[in-house]
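Contents: one structure, followed by commentary.
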Amino acid sequence: MFFQKDIETMNRKDLESLQLERFKRIVKYCYENVLFYKDKLDKAGINPDKIKTLSDIQYIPFTTKEDMRNNYPYGLLAVPNKKNVRIHASSGTTGKPTVGFYTKNDLEVWSDQVARVAVGGGATSEDVFQIAFGYGLFTGALGLHYGLEKIGATVIPASSGNTMKQLMMMRDFGVTGLVATPSYALYLGECMKSLQYPRSDYKLRLGVLGSESCTIKMRNKIESCWNIFVSDNYGMTELGGPGVSGECTYRCGLHFAEDHFLPEIIDSETGKVKASGETGELVVTTLSREGMPVLRYRTRDITRLNYEPCKCGRTHVRMDKIMGRTDDMLIIKGVNVFPSQIETILMSTQEVAAHYQLVVRRKNYMDNLEVKIEVADPELLEDFGHLKDLQNNIRAKLKSILGLDAKVTLVEPQTIERFQGKAKRILDLRNETEE
Ligand code: DLL
8 MFFQKDIETM NRKDLESLQL ERFKRIVKYC YENVLFYKDK LDKAGINPDK IKTLSDIQYI
68 PFTTKEDMRN NYPYGLLAVP NKKNVRIHAS SGTTGKPTVG FYTKNDLEVW SDQVARVAVG
128 GGATSEDVFQ IAFGYGLFTG ALGLHYGLEK IGATVIPASS GNTMKQLMMM RDFGVTGLVA
188 TPSYALYLGE CMKSLQYPRS DYKLRLGVLG SESCTIKMRN KIESCWNIFV SDNYGMTELG
248 GPGVSGECTY RCGLHFAEDH FLPEIIDSET GKVKASGETG ELVVTTLSRE GMPVLRYRTR
308 DITRLNYEPC KCGRTHVRMD KIMGRTDDML IIKGVNVFPS QIETILMSTQ EVAAHYQLVV
368 RRKNYMDNLE VKIEVADPEL LEDFGHLKDL QNNIRAKLKS ILGLDAKVTL VEPQTIERFQ
428 GKAKRILDLR NETEE
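Counting with our numbering, you get residues 8 to 442 for the letters of the sequence shown.
So this is what it looks like as structure tokens:
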């Protein structure tokens, strides 16, 4: 199923000429409307009129999160404020939030992008969707809200929190689709099982989940807990929110909305563009945003691009599921590891639940990792021998597959914190424990 079939299945040549036309236009537009870009391009000696091919993008300097912060609040706004009809922002746990501005046209395009992602993941106008993302500055809730309304689905703006009420609404309104973070979808499933209502009281069939990493193993847990089909979708405030890329039902990568975004992969250390098919940091240029266009934004997200045609018929490039963030990579005793790699190992281990926490401490200038994970069955905690075996088994897997020497701690069910938004699975105590 497609939302905008002509665009989603456009042949590569036509797609690239559309991208080139939009790319030339956006560079000029940024130059003429945002002082920050004018200065940046002038310093780099770039005349927007000289851009002739898509590969000329390599001459344009990157834009970073730091640039976003330095230009807070309105520095990157490209239109007069009367044309700016919406402001969103990230939670900004580490300093000032990063913001996004939207013209009326941006809101239209955004809802089309999200509608594409939702339809690609299996949503239809027959569905009743409950949106369990927090409404507010976060782009996730309103983004999915308008995208789903655009396809004619029924939308329940439940917002986040109040899990028992979420479950009640799901039963009462015959909710068929859930929008949430993967971790919250799992938590809802766990609570659903603990109530007296049977699964048959729920009509849920689909999860359109996103906004945080979710390995395939974790997705399997969510799917089997709820007995639903789950698709992944990606985006970020700086790029307008969700709708940047999303999985089709074949789930072999997230199709980028390539008519609206130009993705690249770079080496995050050197900034060099990587060859097609290599893994690295995702860099994105927006091709149609008016309120806040962005040139070569360094997302810090690690992935790979795959230009092979997809079985679904979509021609837009597929991005692998996000492996981690450059700032999330842990270096444990010389081994570089992303939390998602640890998650894959944990989730393929029988007898443990899908809730874990990674505690990082620093001693003698070395990082140490403790992996805390809940056992699935509390009775296991009574059987010391069995517990020890399980612990050794996980430790050995981490060592042999990742080369990672970590302490493994098995804890009682329901003792690791649950999350209603993005899960915070890394507890970084390095500053407190450094010696
Ligand atoms: O999370 C936008 C969004 C909302 C996407 C709803 C999908 C659904 P931010 O709060 O700015 O925006 O966070 C952006 O979240 O750089 C990634 O590190 C992470 N992220 C978002 N989607 C995914 C995903 C929204 N599907 C940051 N898989 C990004 C892995 C994701 N990480």
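Each residue gets a CB set at the ideal place from its N, CA and C atoms; glycine is no exception.
Item	Value
If the criterion is Cβ atoms closer than 8 Å, does the pair Leu-211 and Phe-30 meet it?	no
With DSSP run on the structure shown, which of helix, strand or coil describes Lys-103?	coil
Within the same chain, show all residues whose beta-carbon is closer than 8 Å to that of Asp-335, passing over the 5 residues directly before and after it, in chain order.	Phe-345, Pro-346 and Ile-433
Of the choices Lys-404, Ser-252 and Leu-289, whose alpha-carbon is the least far from that of Ser-118?	Ser-252
Identify which residue in Lys-59, Phe-9 and Thr-16 has its Cα closest to the Cα of Ile-33.	Lys-59
Leaving out five residues before and five after Thr-110 in sequence, what residues of the same chain have Cβ atoms less than 7 Å from its Cβ?	Val-86, Lys-90, Asn-91, Val-92, Glu-297 and Gly-298
Rounded to the nearest angstrom, what separates Val-291 and Ile-272 at their Cα positions?	9 Å
Considering only residues of the same chain and omitting the five flanking positions on each side of Phe-43, which have a CB-CB separation below 8 Å?	Asp-74, Asn-78, Gly-82 and Leu-83
Would you say the beta carbon of Asn-313 comes nearer than 7 Å to a heavy atom of the ligand DLL?	no
By how many angstroms is the C-alpha of Gly-250 removed from the C-alpha of Val-237?	16 Å
Note the first and the last residue of the continuous alpha helix (DSSP H) segment covering Gln-348.	346 to 354
Below 8 Å on the Cβ atoms is my guess for Asp-274 versus Glu-254; work out the distance and round it to an integer in Å.	Contact flag wrong, Cβ pair sits at about 26 Å.
Quick check on Thr-244: does DSSP put it in helix, strand or coil?	helix
When you compare only the Cα positions, how much space is there between Leu-411 and Asn-438?	21 Å
Mapping DSSP to helix, strand and coil, what is Val-162?	strand
Identify every run of the beta strand (DSSP E) within the segment 148 to 207, keeping only runs that are complete inside it and at least 3 residues long; order them along the chain.	161 to 163 and 184 to 187
CB Gly-331 to CB Ile-309, shorter than 8 Å?	yes
Determine the direct distance from the alpha carbon of Trp-233 to that of Ile-408, and round the result to whole angstroms.	30 Å
Would you say the beta carbon of Arg-332 comes nearer than 7 Å to a heavy atom of the ligand DLL?	yes
Classify Ala-403: buried if its beta carbon has 16 or more other beta carbons within 10 angstroms, exposed otherwise.	exposed
What ranges does the alpha helix (DSSP H) occupy inside the segment 307 to 378, keeping only unbroken runs of at least 4 residues that lie completely in it?	346 to 354
Kindly indicate which three-state DSSP category Ala-96 falls into: helix, strand or coil?	strand
Can you tell me the Cα-Cα spacing of Tyr-204 and Gly-196, whole angstroms?	12 Å
State the Cα-Cα distance for the pair Val-162 and Leu-151, rounded to the nearest angstrom.	9 Å
My assumption, with CB atoms under 8 Å, is that Met-3 sits in contact with Thr-322. Please give the rounded CB distance.	Here the chain covers residues 8 to 442 and nothing more, so residue 3 does not appear.
Three-state secondary structure (DSSP) at Glu-381?	strand
Is the CB-CB distance between Thr-183 and Leu-213 below 8 Å?	yes
If you compare alpha carbons, which of Ser-97, Gly-129, Thr-416 and Gly-168 is closest to Arg-258?	Gly-129
Pull up the distance between the alpha-carbon of Gly-247 and that of His-393, whole angstroms please.	49 Å
Pick helix, strand or coil for Pro-68, following the three-state DSSP scheme.	coil
Is it buried or exposed, Met-171, if we count other Cβ atoms within 10 angstroms and call 16 or more buried?	exposed
Looking at C-alpha atoms only, which residue of Glu-115, Leu-387 and Thr-333 is the closest neighbour of Tyr-153?	Glu-115
May I have the straight-line CA-CA distance separating Val-415 from Phe-391, to the nearest angstrom?	15 Å
Start and end of the beta strand (DSSP E) containing Gln-137?	135 to 138
For Thr-416, which residues does DSSP report across the bridge?	Lys-379
Would you say Pro-346 touches the ligand DLL, meaning its beta carbon is less than 7 Å from a heavy atom?	no
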